[in-house]
Amino acid sequence: MLMKYILERKPKFLLCCSVIILFYLPLYAQLTQRVITVTRSSMDIPGLAKTIAAQTGVAYSLNMQNTSLKKYVHLKPGKWKLEDVMKEVQAQVGLNYKILGDHILFTDYKPVKKIDSVPVNKPENIQVAKPANKAGHTSAKPFTKVVKPSSPKERPATAVNISEGLPIASSPVLILTSLHTDYKVTPPAMHVKLVQVASREQNPLNANRISKKESRHFELPGWTSPLAAIGVTANDIVYLSATAKAGIQYVYGIGSLGFSSRGMRIRYGAGIRVPLDEDNALHAEFTTGTFSRNYSDTIKPATKILERLNSYGLSWSTTMSGRLQLQLELNYSTLKKSGDSSLSSVPAESNYFGYGKALYRTKISAVTNNGQQTSWIGARISLFYNLRRK
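Under my numbering, the sequence shown has 206 at position 206, and the numbering climbs by one with no breaks.
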């Protein structure tokens, strides 16, 4: 009845199955043909998986060891198909992947092939073995019973030992004799040597260790790659300022607008960037800024005094997360006063500078015809947001 029902509706059943297959078949092709934008030339496996998930909306799983997680994949920045990215992952670091619907599984092992079970031959008809008799002894004849099948489909007759409840061994026959044991012989001395095997939990450093060639390999950005960043900066005399950087990867210009203890100040300069790896770099920067003010005395007429602050610094920067970058600098700063051409000398103002008051206590040089100057060693901390990735 059921077969008749299925045969009557076979065309509809096949049509329904075809529609379902055609509906789910393009999902795999659509996922592999999705385009992602690669912005960094080198990424580790977790970073690459996060980038794919963020741009394609698929979920991912990482089923691999720590050494595999720290491997780097090197891709040229630009547009990539997901299928080509996964091929590069297989070719460069030897990892495998599997797409399950809208889920990508990364593994560092190949799928295990199923081994077909070896067929076991059924025992044939069993023959009964008779042990040899010794002189003066009579051996008990084992009682056997032949079990006949109740129907033609059952197995053929088999000899069964009633006393043991097990089938009697088939030919060839092995006759076991009693063994002579000499209890007077002392066994050889045995020494047990304990060997302690260090597990992954006991020695995590070796488990997570990667080769020097793998950890130090990275690609430097090109000379013409643009650099743009904005952020906030604080140092010892300009307490808080908004700073912008623009240029190429290794040479860039600096501009800032901030507040000192005596008003708003504008600074500008240039810098050189030397990358150490993908996330760290060294910087050499120079900044300068001027401030002019009027000076009046009861004896002399009002004149203008110009103050200039120069700063020379070495700094280290690191990428904290995503596009946020922290920069720490140690600098040498000089603040100098000078007057216009009508002044033969700059008047002494008892340790006063209109540009601002440094947080460090500094010493003012002697008043000369060239002006009045002070210098100190200070620090600066900056937090930048990269408008363009590396």
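Yeah, the Cβ is synthetic: ideal placement off N, Cα and C, and Gly gets one too.
Everything numeric in this text was worked out from a predicted model, so none of it was measured.
Identify which residue in the options has its Cα closest to the Cα of residue i.
i, options, result
"R308", "F291, L359 and G47", "F291"
"G322", "R380, T51 and T224", "T51"
"V251", "I237, G258 and W223", "W223"
"S260", "G289, P275, G247 and G269", "G289"
"E285", "R293, I272, A244 and Y295", "I272"
"S375", "I381, S333 and R388", "S333"
"Q325", "R34, M264, Y352 and F384", "F384"
"Q92", "G101, H74, G78 and L100", "H74"
"T303", "S311, N310 and N294", "N294"
"R265", "Y239, L282, A246 and L276", "Y239"
"M64", "Y109, R34, W80 and A358", "Y109"
Taking Cβ positions, are residue i and residue j nearer each other than 7 Å?
i, j, result
"N392", "A229", "The question about residue 392 has no answer here: the residues shown for the chain are numbered 1 through 390."
"L227", "I248", "yes"
"G269", "T287", "yes"
"I392", "G356", "The structure shown does not extend to residue 392, since the chain spans only 1 to 390, so no value can be given for it."
"N235", "G378", "yes"
Excluding five sequence neighbours on each side, which residues of the same chain lie with their C-beta closer than 6 Å to the C-beta of residue i?
i, result
"N280", "T318"
"Y72", "S42 and D44"
"R388", "P226 and A228"
"L48", "V73"
"W80", "I36 and V38"
Nearest-angstrom Cα distance between residue i and residue j?
i, j, result
"Y360", "K337", "18 Å"
"A244", "S315", "16 Å"
"L82", "K98", "13 Å"
"T56", "R267", "43 Å"
"L306", "K76", "51 Å"
"I36", "M320", "24 Å"
"N310", "L95", "53 Å"
"G263", "Y352", "15 Å"
"A358", "S256", "18 Å"
"M86", "Q33", "11 Å"
"K213", "G231", "Residue confidence is low: K213 scores 43 on pLDDT, short of 50, so the model does not pin down where it sits. Its coordinate-derived value is still stated next. When rounded, the distance between both Cα atoms is 35 Å."
"L335", "A242", "21 Å"
"G101", "D84", "18 Å"
"T233", "Q90", "44 Å"
"G339", "A246", "34 Å"
Please list, in chain order, all residues of the same chain as residue i whose beta carbon is under 7 Å from its beta carbon, the five residues on each side excluded.
i, result
"A53", "A59 and Y60"
"L328", "S315, W316 and I381"
"E88", "V73 and L75"
"V274", "A281 and L282"
"L276", "L282"
"G354", "R262, F291, R293 and E307"
Can you find the residues in the same chain that come closer than 8 Å, C-beta to C-beta, to residue i, ignoring five residues on each side of it along the sequence?
i, result
"L69", "D44, I45, P46 and L62"
Verify the CB distance criterion: does residue i have a CB-CB separation below 7 Å to chain B?
i, result
"I272", "The structure shown contains no chain B, having only a single protein chain."
Mind the definition here: the region 54-71 touches the region 97-107 only if three or more C-beta pairs lie below 8 Å; say whether that holds. yes
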